[in-house]
Amino acid sequence: MSLSKVPRGARWAPVSGSANLDLAYRQLWNKPDKAYAYVCWCQPPFPESDDEDEGKEKEEEKKENDCDGGDTCICGKPAQEQPDYKWITTYACRRKFMCQVDMARIRDPANFDMYTFNDHAARDFVEANGNWREQWVVCETLSFFLQTDLAADLLEMGEVDTIIPLIRLVGRTVLAMLAQLERQHRLGPDSEVKNLGLIMSIYIKTARNMQINELLNDGDEETVELKLPDGSTEKYTFDLGKLDEYILGYAERHSITVPDAPQDVEGAAEELPARTVEDLWNTAESFRQYESDQGTTNGPGETPAVGGDRYDITTWSSAERREASFNKRDPFSKKEIAALKLGFMLGFE
Ligand SMILES: [Zn+2]
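Take 184 as the starting number for the sequence shown in the numbering used here and just add one per residue.
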């Protein structure tokens, strides 16, 4: 297939492994039937339990049924062939998740901060405005990625001042997605979105972990103006610290079963806003605010940006890589650099 059919993202440097990965992902947009079909994961790509003993048991179990990416396991098999199977996502989510992991691998570890994953997700979400299927893929992928050890390490390493706005942005993105699906009558037990309960359950778990780690606190209320379908407006005050309750609230309001829903959290269905005609959580505006507060520039006078490839070592000049490397050698060979320029991604296995 020609790589020129789908436009290259504007956020990338001229030679960039991230851009190549992103472009490979974007090829999927040419095949929406394939991209947005639901497929199985034989096991989640992250530890399932926070409880260490239980975690170990599961690890043992995992070893017994080793995943071989779909050769003998059910990874990638159509979800409709496995009725009631829990671990399903869109095929696009599978691809995007793998792409995120690869992108994480080509970041310079010394600068490997938060700019590499949630930022991309928020930006992808805003850029996919008008395409709810692609926005759902962003939400699916982010939910998975936040559960990985990679994300846990980053959250531990990061500065609280950076993490809190990021977590709040994630919260808004999820709520904006649910409100949008609600507007479109796509929330419910028979929704064409086949993994609503699963993804909601993962975000609830993430929200609770963030609360325990004091990265998502309640008491920080915001008031927005809701635009109602009849043309009137109404003030609405919300508290992102109650993210888990709001998500459960949407589940309750639309009779969606959330697997392993925590018993000690009340859904806040009655506190949810009325149906509105546009994104009441102001996600795009919040992203722009976040970008101007937390973004970095490539030089004086440039606009701050997030979610780019500045920490991707494949975008650096050979001299910059030599300078940053321990042995003062460019870790990439001439052949590898030539391949990169042609649009191939390096193998890091
Ligand atoms: Zn598998």
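Every residue gets a Cβ at the ideal spot worked out from N, C-alpha and C, and that includes glycine.
Please read all numbers here as calculations on a predicted model, not as lab measurements.
Taking DSSP as the reference, what is the three-state secondary structure of residue i?
i, result
"residue 221", "strand"
"residue 407", "strand"
"residue 255", "coil"
"residue 297", "Bear in mind that the predicted position of residue 297 carries a pLDDT of just 42, short of 50, making it unreliable; the figure below should be weighed with that in mind. DSSP places residue 297 in helix when its eight states are reduced to three."
"residue 216", "helix"
"residue 373", "coil"
"residue 205", "helix"
"residue 273", "strand"
"residue 495", "strand"
"residue 228", "coil"
"residue 348", "helix"
"residue 367", "coil"
"residue 186", "Residue confidence is low: residue 186 scores 44 on pLDDT, short of 50, so the model does not pin down where it sits. Its coordinate-derived value is still stated next. Three-state result, residue 186: coil."
"residue 278", "helix"
"residue 512", "coil"
"residue 519", "helix"
"residue 526", "coil"
"residue 191", "coil"
Which whole-angstrom value is the C-beta distance of residue i and residue j, which I expect to be below 8 Å?
i, j, result
"residue 356", "residue 466", "6 Å"
"residue 223", "residue 268", "6 Å"
"residue 422", "residue 402", "7 Å"
"residue 458", "residue 365", "6 Å"
"residue 221", "residue 272", "7 Å"
"residue 410", "residue 441", "Not really, about 29 Å apart at Cβ, beyond 8 Å."
"residue 323", "residue 276", "4 Å"
"residue 433", "residue 352", "That pair is no contact at about 19 Å."
"residue 367", "residue 315", "7 Å"
"residue 391", "residue 445", "7 Å"
"residue 452", "residue 468", "Contact flag wrong, Cβ pair sits at about 26 Å."
"residue 437", "residue 370", "4 Å"
Inspect the beta-carbon positions of residue i and residue j and report whether they are closer than 9 Å.
i, j, result
"residue 319", "residue 284", "no"
"residue 282", "residue 333", "no"
"residue 350", "residue 386", "no"
"residue 525", "residue 439", "no"
"residue 476", "residue 372", "no"
"residue 404", "residue 389", "no"
"residue 418", "residue 407", "yes"
"residue 321", "residue 279", "yes"
"residue 194", "residue 306", "yes"
"residue 456", "residue 362", "yes"
"residue 399", "residue 354", "yes"
"residue 384", "residue 443", "yes"
"residue 470", "residue 327", "no"
"residue 199", "residue 492", "yes"
"residue 252", "residue 260", "no"
"residue 513", "residue 201", "no"
"residue 515", "residue 498", "no"
"residue 381", "residue 270", "yes"
"residue 330", "residue 215", "no"
Any beta carbon of chain C sitting closer than 9 Å to that of residue i?
i, result
"residue 268", "Judged by its chain identifiers, the structure shown contains no chain C, having just a single protein chain."
* So which residues put a beta carbon under 5 Å from any heavy atom of ligand 1, going in chain order? -> 225, 250, 256 and 258
* To do: Could you pull out every unbroken alpha helix (DSSP H) segment of at least 4 residues lying fully inside the stretch 391-446, listed in chain order?
  => 426-436
* Ignoring anything shorter than 4 residues or poking outside the stretch 450-479, list the alpha helix (DSSP H) runs there in chain order. => Here the runs fully enclosed are 466-477.
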